[in-house]
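Following: one structure in structure tokens, then a few remarks.
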Amino acid sequence: MPVAPALPESAAPLAHDPAALARHLVEHYHTPIRALFPELLALAERVETHHGDLPECPLGLSLVVGDLFNEVIEQFDRTEQVILPLIVAGQRAAPASPPGPWPTRWAAVFSFICST
Numbered sequence: 001m002p003v004a005p006a007l008p009e010s011a012a013p014l015a016h017d018p019a020a021l022a023r024h025l026v027e028h029y030h031t032p033i034r035a036l037f038p039e040l041l042a043l044a045e046r047v048e049t050h051h052g053d054l055p056e057c058p059l060g061l062s063l064v065v066g067d068l069f070n071e072v073i074e075q076f077d078r079t080e081q082v083i084l085p086l087i088v089a090g091q092r093a094a095p096a097s098p099p100g101p102w103p104t105r106w107a108a109v110f111s112f113i114c115s116t
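Residue numbers for the sequence shown follow full-length UniProt numbering, beginning at 1 and rising by one.
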């Protein structure tokens, strides 16, 4: 498993404040990415509309962007509802039986995050 890069000095306080880390992740990653997807979807639809008759046009691009958006938002929701509250509460391991589906890879990610 790859080693996580060290936090920059400016982020050092986040390493010792789980609530601040959770807020930082949501504010600096989840929120901007959520806001970006509608524009990406509109651009994908525009490409298909304006260039759909060209053989090199990636037909179905807007469907792929929409599916990706749904998957990312589902993961953000799970992270914000399950993983971040556990980290804020100081839990150092993945729950034995979390609510809803819990892919094995996310249990490994959670364990890795908590071990650093």
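Positions of the beta carbon are idealized from the N, C-alpha and C atoms, including for glycine. Predicted, not measured: the structure shown is a model, and the values here were computed from it.
In whole angstroms, what is the alpha-carbon distance linking R78 and N70?
-> 12 Å
With DSSP run on the structure shown, which of helix, strand or coil describes P55?
-> coil
For A20, three-class secondary structure by DSSP | helix
Tell me which same chain residues have a C-beta within less than 6 Å of the C-beta of H30, skipping the five on either side of it?
-> F76
Please confirm whether E80 and V26 have their CB atoms less than 9 Å apart.
-> yes
May I ask you to report which of helix, strand or coil DSSP gives P13?
-> helix
Cβ atoms of P18 and A83: under 9 Å apart, would you say?
-> In the sequence under discussion, the amino acid at residue 83 is Ile, which differs from the Ala named in the question. Contact: no.
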